[in-house]
Amino acid sequence: MKIIPAIDIKDGNVVRLTRGDYEQIKVYSHDPANIARRWHSQGAGILHVVDLDGAFSGEPKNMDSVAAVIRSVSIPIQLGGGLRSLDAISWAFNVGVSKVILGTRVVEDLDFITTAIRRYGEKIIVSVDAKNGFVMLQGWTKTSSINAIDMARRMENLGVSTIIYTDVTADGTLSGPNFTRLDNFLSNVNTAVIIAGGMASVDDIRKLGALNRKNLTGIIVGKALYEGAINLREAIGICLRKE
């Protein structure tokens, strides 16, 4: 189980949203590459980067910032936000991204995800962003009628090896995750799962580890790191001891 710091980029800045609301935004840095170096220096072995403008518009927008982040560190980068075409995915890999995260387009076009998996295999991650158990689309601005667990199972059947599950109602709130909902999701899918949304303290990380779900392979931490509620080195240490 890995701790994965999040770097969300909007208009070239590192920001955090509350529950995915673009009206509730806080800027933490004007230099994403510097933030990447900070988390790397504190022990991060991988970074989770999201192009929020891309997620909203449907195509990559913060390309220079993403490229700068990749150049600034020597650890893998997983990138999401606006990667809704094969050309966009190709750009991401060409610039040095290790894995790409697909969301909205996957729900709308199964042929797209099938082709992406055939070309890139385990380098493809699917993001299941859920609100009250249903999948959110278009940068979390639209709720679908698709059950999150059903979508995850569908992705498993197509060959997806890793899923990111985000509880949108908890994301950015520093209120702690919904452990019952997370455990239910983990128990109903077989593929590797990375959890995101609502981490507020290292106790939350301990509690997730205590679920003893072997398919829980990572925890994305965002606002709690930026607000100082979670110390990255301590969180990584907890995961190492768990292993």
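My numbering runs 917 ahead of the 1-based position in the sequence shown. We put the beta carbon where it would ideally sit given N, CA and C, even for glycine.
- Under the three-state reduction of DSSP output, D968 falls in the strand class.
- With fewer than 16 other CB atoms across the displayed protein chains lying within 10 angstroms of its CB, L1027 is exposed.
- A straight line joining the alpha-carbon of K919 with that of T1134 spans about 6 Å.
- Exclusion of the five residues before and after E1039 leaves S1078 as the residues of its chain whose Cβ lies within less than 6 Å of its Cβ.
- Our two residues, I1042 and N1132, have alpha carbons roughly 14 Å apart in a direct line.
- In this structure, V1017 places its C-beta atom within 8 Å of the C-beta atom of I1006.
- V1024: member of the alpha helix (DSSP H) spanning 1021-1025, first to last residue.
- Counting along the chain, the unbroken alpha helix (DSSP H) around M1068 starts and ends at 1065-1075.
- Secondary-structure assignment with DSSP links D938 through a beta bridge to T935.
- By DSSP's assignment, M1053 forms a beta bridge with T1060.
- Per the DSSP secondary-structure output, G1135 pairs in a beta bridge with K919, I1111.
- Counted as a single uninterrupted DSSP element, the beta strand (DSSP E) harbouring A1047 occupies residues 1041-1048.
- When DSSP states are grouped into helix, strand and coil, N1105 belongs to the coil group.
- Leaving aside the five residues that flank R1150 on each side, the residues in its chain whose CB is nearer than 6 Å to its CB run, in chain order, Q959, G960.
- Contact fails between the stretch 1104-1113 and the stretch 936-943, because fewer than three Cβ pairs, one in each stretch, are under 8 Å apart.
- Scanning S991, T1021, V990 for the CA closest to the CA of G999 turns up T1021.
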